[in-house]
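All remarks here apply to the structure that follows.
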Amino acid sequence: MLDFKKISDILAPLPGKTALLIKDKTGVLYAGPLAGEEFKSASLIKLAVACYYQAHPQDLSQMVHVPEDKIVEGGMLCHLAQRDWMLRDILDLMLSDSDNTATNFLIDFIGFTKMAAWFEAEFAHLHLGRYMMEVTDRENYLSAETALELLERLLADPSPFGQVCQKALFYQESVNKLLQDLPEGCSYSKTGELEDTEHDAARIFAGDSYYDICFMSHYTGLEEREQILLAQNAVGKLAYQDLTGK
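Heads up: the sequence shown at position 240 corresponds to 240 in full-length UniProt numbering, and the numbers run straight through without jumps.
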């Protein structure tokens, strides 16, 4: 069993605002007081975009064109000349590489207003307010509770769509938070970061046992960011050690 006193000791001195939620197959094991509070979502909103497509199936084998004027920074597409892709590749890039152009394309493919309305109707703490990299006073929000619900929906899906998402989350490019000190091949995850935000939502597993963890944060400055990242590293390591006995 996880040592929740150690976890509380890790969280206690942290600056800013943090939310931690830990679950296993039986349900919630640990919920910090802010687990249900909305934070700026950063790239965790991409889990929600994937869940929209899960609920509204599309032909993932269809070829789609990404317009040149829709290319934004962040991810792989902005570095490549290719603009015609299978829809499944765009989905994969959004999750595995956190590609912002891919995300914006998937939002526009459905319609921003339509997707935003579904988010509000389907989830208690999920709001789509802007595109990735858009400069605006609008924002995207979600809670740790919602982030894990999104992750769990994708991981529970045995369909070909679910398999695409699971492979993308398994081969996640960004592993500097909950997974920093863990070996490869023991997790599915999605991170999110902004200038004042470091988030991670992950399933850490060993055999048939697992912990689903969402650690969200809001802070100010590089020193506070370093403290947050070290705490995320420590929580992930504790979870893995408990699962493996190592």
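Ideal placement from N, C-alpha and C gives every residue a C-beta, glycine not left out. Just so it is clear, the structure is predicted and the values come from calculations on it, not from any experiment.
How should residue i be labelled, buried or exposed, when 16 other C-beta atoms within 10 angstroms of its C-beta is the threshold for buried?
i	result
GLY236	buried
ALA121	exposed
THR26	exposed
GLY221	exposed
ASP137	exposed
ASN233	buried
Note the first and the last residue of the continuous beta strand (DSSP E) segment covering residue i.
i	result
residue 319	The requested residue 319 does not occur in the structure, where the chain is confined to residues 1 to 246.
VAL28	27-31
ALA19	17-24
For residue i, collect the residues of the same chain with a Cβ closer than 6 angstroms to its Cβ; drop the 5 residues on either side in sequence, then sort them by chain order.
i	result
PHE4	TYR30
ASP242	LEU2
LEU150	LEU47, ALA48, CYS51
GLY32	ALA19, LEU20
ASP99	GLY75, MET76, LEU77, LEU93
Considering just the uninterrupted stretch of the alpha helix (DSSP H) at residue i, what are its terminal residues?
i	result
SER8	4-11
GLY236	221-244
Once the 5 residues before and after residue i are set aside, which same chain residues still bring their CB inside 8 angstroms of it?
i	result
TYR171	SER96
ARG153	CYS51, GLN54
ILE228	LEU14, PRO15, GLY16, THR18, GLU198, SER217, TYR219
Can you list, in chain order, the residues of its chain whose CB lies under 7 angstroms from that of residue i, leaving out five sequence neighbours each side?
i	result
THR101	VAL66, LYS70, ILE71, VAL72, GLY75, LEU77, CYS78
GLY36	HIS125, SER143, GLU145
ILE90	VAL64, ALA102, PHE105, LEU106
PHE119	ALA48, LEU126, HIS127, LEU128
Enumerated in chain order, which unbroken segments of the beta strand (DSSP E) with a length of 3 residues or greater are wholly contained in the segment 49-121? Within the segment 49-121, the complete beta strand (DSSP E) segments of 3 residues or longer fall at 63-65, 84-86, listed in chain order.
Mind listing, in chain order, the continuous beta strand (DSSP E) runs of no fewer than 3 residues lying wholly within the segment 131-209? The segment 131-209 contains these whole beta strand (DSSP E) runs: 187-194, 197-206.
With a cut-off of 8 angstroms, do at least 3 Cβ pairs link the segment 171-184 to the segment 196-210? Taking a contact to require three or more Cβ pairs closer than 8 angstroms, the segment 171-184 and the segment 196-210 qualify as touching.
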